[in-house]
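First up is the structure itself, then whatever we jot down about it.
Protein chains: 2
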Amino acid sequence: MPNEIRKDYLLDRWVIIASERAKRPTDFARRPAQRPSAASCPFCPGNEAKTPPATLVYMPSNGGISKAVDAPGAPPRKGWLVRCFPNLYPALRPREAVILPSEELAVRRDAVGAHEVLVESSRHEEHPGVARLGQLRWVVDATIDRVRELSKWAYVAVFRNHGEEAGASLSHAHSQIIATPMVPRLVAEELEASRAYWEQKGRCPHCLIVGLERSGDRLIYENNRFLALAPWAAVYPFEFWILPKRHGSSLLELQAEERMSFAHAWRVCMGALAEALGDPPYSYGFHIAPSGGGYDLYHWHLEVYPKLVIQAGFENSTGMFINVTAPETAAQSLRLAAQDIEQKLRESGQS
Amino acid sequence: MPNEIRKDYLLDRWVIIASERAKRPTDFARRPAQRPSAASCPFCPGNEAKTPPATLVYMPSNGGISKAVDAPGAPPRKGWLVRCFPNLYPALRPREAVILPSEELAVRRDAVGAHEVLVESSRHEEHPGVARLGQLRWVVDATIDRVRELSKWAYVAVFRNHGEEAGASLSHAHSQIIATPMVPRLVAEELEASRAYWEQKGRCPHCLIVGLERSGDRLIYENNRFLALAPWAAVYPFEFWILPKRHGSSLLELQAEERMSFAHAWRVCMGALAEALGDPPYSYGFHIAPSGGGYDLYHWHLEVYPKLVIQAGFENSTGMFINVTAPETAAQSLRLAAQDIEQKLRESGQS
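Those sequence lines, one after another, are chains A and B. Heads up: the first sequence begins at 0 in numbering that gives the first Met the number 0, then just goes up one per residue. Heads up: the second sequence begins at 0 in numbering that gives the first Met the number 0, then just goes up one per residue.
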């Protein structure tokens with residue numbers, strides 16, 4: 000059965016039924032964890048032929064970079080700094096949508112869109128919390144390039160899973176991009192709530208959040224352009240967000256200085272998370288405006304979800320959450336760790 | 000800091016900040032899994048003093064049961080069939096609510112309600128998928144008793160986590176009950192969508208779902224009173240629901256015959272899940288109408304979520320889901336396993 004996107008009988012909750020990944024009961028037998036060595040890692044340099052042709056590579060060029068794409072049929076490019084390519088087992092595929100018949104209470108859509116992998120470094124372990132700042136800047140740029148390229152789809156979700164407990168099947172530093180043919184539920188809700196707030200108060204709620212939290216006990220880190228905080232109603236222990244201080248609806252608008260400033264905030268905060276909690280598993284996702292115009296009111300940000308506890312029956316069946324660490328407690332630990340990371344970056348001449 | 004319930008800056012998403020459980024970074028260091036033996040299990044008979052006084056015990060009495068409560072200060076009752084007591088580390092506590100100051104974009108409520116444990120059997124391993132039908136009937140009755148008792152709170156969530164990967168910290172057969180001072184988000188959304196459907200079509204959407212799925216390839220099991228199906232837009236691989244065929248808004252309305260019929264459907268389907276997938280970790284939650292009147296339109300049901308894959312960055316940041324097993328494929332496996340379980344129950348004279 001080809002993949003399709005189904006709506007819940009009643010709720011505005013969409014599920015990609017990805018049968019092409021074809022899991023049957025025997026596939027769920029518990030296997031010992033696999034930690035591929037660099038030699039067998041399909042994302043490591045030299046193994047490019049194990050993954051599809053690149054949709055984007057950054058190649059070193061005169062101290063800067065040049066951008067390229069693998070031609071179909073040609074040997075894949077080597078010597079790259081960052082490499083993007085389609086996921087081998089995509090949840091969504093880029094093609095013309097066909098209209099699938101829906102019935103009462105059984106609504107569906109064709110599973111079109113895109114699903115890509117962004118390999119963040121040729122170095123297997125160069126995760127954002129330990130990356131060289133210059134490398135992280137290329138990751139920001141490449142992410143923006145792919146989001147722009149995929150903006151013909153309604154929404155572009157950029158996210159990362161780190162560690163097996165957070166669902167990462169490969170340990171090489173990488174993030175994923177899924178472009179969807181509709182605006183996802185949480186983003187739609189954020190947009191609607193932001194719009195309602197604008198209409199009532201005449202200003203952006205996230206700009207107010209930045210202003211309020213800057214001086215409070217949920218602040219983690221701040222530089223010229225960005226601020227990191229433990230959110231008021233954090234769903235996960237040690238959850239934090241990084242927000243631009245200047246209003247902007249998407250990564251796409253970032254100027255050169257802001258990109259560097261974001262890379263810096265990202266490096267410090269992800270490093271602080273690893274330092275405070277011993278490199279825990281985590282996920283994160285960029286929250287950006289949907290594609291196309293009309294979403295200037297949205298304030299983009301990055302949300303980071305450490306995977307320290309298991310949320311299960313209560314959360315899944317009610318949509319309420321129990322967080323066992325107060326955001327103020329989390330912020331205190333992360334703030335101290337961020338100061339330490341900042342100090343180390345300064346000493347290494349990177350800051 | 001005492002527990003409190005906070006609303007997201009913007010979304011209608013409430014989080015119980017349970018600082019009384021006081022997790023700090025060092026609490027999250029990874030420990031080897033603990034599998035307590037029956038001797039050290041605080042839920043096993045003989046260890047009643049390790050848990051709070053019971054709010055309800057079922058005692059054997061003339062071939063039936065009698066109900067009792069542990070008096071404060073008195074020695075805990077022994078020889079029980081089912082035993083309920085407050086969670087030692089409750090997310091919510093039963094007391095008068097105090098008004099906590101809220102601010103703009105930082106709304107909160109006092110963390111009042113209840114959080115109980117329902118030990119389903121004196122036998123450590125008598126989980127619903129292997130339980131004696133008579134025992135499971137007591138579990139249904141005790142669940143209904145506790146839901147009724149806790150109905151002074153806005154909503155009573157009854158749920159179960161099975162296996163470490165699903166967040167169960169103790170392996171003794173037990174479920175949990177959390178009574179909340181507000182109607183949780185998912186239940187509120189189901190109610191709103193049901194009401195909209197009623198207004199538009201003049202009938203209950205879940206009654207229609209029962210009718211449609213009864214003859215379809217998502218059917219798993221059916222008896223006189225109940226039907227089990229893999230839902231159209233299942234969020235989790237092998238997710239299934241058990242619904243009453245006769246419209247009813249809550250467990251509280253179940254008559255004797257229906258209770259037995261539900262226990263039977265529950266036993267068969269949970270047994271089928273264990274047989275089809277090798278006793279996988281799972282969670283489930285009862286979806287019932289909120290407390291008080293005015294919710295007759297709601298159609299109660301049980302939702303079971305096997306924990307076979309890790310959902311992380313994409314799901315958490317977008318509210319969309321990827322399910323790698325088509326519900327039709329899951330239903331086929333579970334249907335065959337359910338037939339097998341039913342056959343075994345018949346042979347053992349329980350059916």
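By construction, the Cβ of each residue, glycine as well, lies at the ideal position given by its N, Cα and C atoms. Please read all numbers here as calculations on a predicted model, not as lab measurements.
Item, Value
"If we count the other Cβ atoms within 10 Å of its Cβ and call it buried at 16 or more, is residue 267 of chain A buried or exposed?", "buried"
"Under 8 Å, CB to CB, which of the residues in the stretch 178-200 of chain B have a partner in chain A?", "179, 183, 184, 185, 186, 188, 189, 192, 193 and 196"
"Cα-Cα, which of B:98, B:346, B:77 and B:286 is closest to residue 121 of chain B?", "B:77"
"Which parts of the stretch 114-192 of chain B are runs of the beta strand (DSSP E), unbroken and 3 residues or longer, counting only runs that do not cross its ends?", "154-161 and 173-179"
"Does the Cβ of residue 88 of chain B have 16 or more other Cβ atoms within 10 Å, making it buried, or fewer, making it exposed?", "exposed"
"How about residue 302 of chain B: is its C-beta nearer than 8 Å to some C-beta of chain A?", "yes"
"Using DSSP bridges, identify the partner residues of residue 81 of chain B.", "B:57"
"Along chain B, which residues have their Cβ under 7 Å away from the Cβ of residue 204 of chain A?", "8, 9 and 104"
"So, helix, strand or coil for residue 231 of chain A, using DSSP?", "coil"
"When you check each C-beta in the stretch 287-311 of chain B against every C-beta of chain A, which residues fall closer than 8 Å?", "302, 304, 306, 307, 308, 309, 310 and 311"
"Answer yes or no: does any C-beta atom of chain A fall closer than 8 Å to that of residue 86 of chain B?", "no"
"Can you tell which of A:106, A:59 and A:257 has the C-alpha that lies nearest to the C-alpha of residue 232 of chain B?", "A:106"
"Have a look at the DSSP bridge pairing and note the partners of residue 304 of chain A.", "A:282"
"By Cβ distance below 6 Å, which residues in the same chain neighbour residue 19 of chain A in space, the five residues on each side in sequence not counted?", "2"
"Would you kindly check if the distance between the Cβ of residue 163 of chain A and the Cβ of residue 41 of chain A is under 8 Å?", "no"
"If the cut is a Cβ gap below 8 Å, which residues of chain A does residue 159 of chain B touch?", "312"
"Touching or not, the stretch 298-305 of chain A and the stretch 168-184 of chain A, by the rule of three or more beta carbon pairs under 8 Å?", "no"
"Mind checking if residue 403 of chain B is an interface residue toward chain A, Cβ cutoff 8 Å exclusive?", "The structure shown does not extend to residue 403 of chain B, since chain B spans only 0 to 350, so no value can be given for it."
"Quick one: using the 10 Å Cβ neighbour count with 16 as the cut-off for buried, is residue 160 of chain A buried or exposed?", "buried"
"Of the residues A:245, A:319 and A:237, which one's Cα is nearest the Cα of residue 302 of chain A?", "A:237"
"Figure out for me which residue from A:128, A:84 and A:54 has the closest Cα to the Cα of residue 274 of chain A.", "A:128"
"Checking contacts by CB at 8 Å: is residue 231 of chain B closer than that to chain A?", "yes"
"Between B:158, B:174 and B:112, which lies nearest to residue 286 of chain B when the distance is taken from Cα to Cα?", "B:158"
"What residues from the stretch 318-350 of chain B come within 8 Å of chain A, judged by C-beta to C-beta, listed N to C?", "318, 319, 320, 321, 322, 323, 324, 325, 326, 327, 328 and 332"
"Do residue 219 of chain B and residue 337 of chain B come within 8 Å of each other at the CB atom, strictly closer than that value?", "yes"
"For residue 266 of chain A, does the three-state DSSP call read helix, strand or coil?", "helix"
"Expressed to the nearest angstrom, what Euclidean distance is found between the alpha-carbon atoms of residue 153 of chain B and residue 10 of chain A?", "21 Å"
"What residues from the stretch 233-256 of chain B come within 9 Å of chain A, judged by C-beta to C-beta, listed N to C?", "233, 234, 235, 236 and 237"
"For chain A, is any of its Cβ atoms less than 8 Å away from the one on residue 207 of chain B?", "yes"
"Strictly below 8 Å CB to CB, what residues from chain A border residue 5 of chain B?", "231 and 232"
"Give a yes or no on whether the C-beta atoms belonging to residue 82 of chain A and residue 115 of chain A are separated by under 8 Å.", "no"
"Who pairs with residue 109 of chain A in a beta bridge, going by DSSP?", "A:3"
"So, does the stretch 205-219 of chain A touch the stretch 325-345 of chain A, judging by three or more C-beta pairs under 8 Å?", "yes"
"So, does the CB of residue 54 of chain B fall closer than 8 Å to a CB anywhere in chain A?", "no"
"Please report the straight-line C-alpha distance between residue 314 of chain B and residue 322 of chain B, rounded to a whole angstrom.", "11 Å"
"Just verifying my parser: in three-state terms, what is the DSSP assignment at residue 248 of chain A?", "coil"
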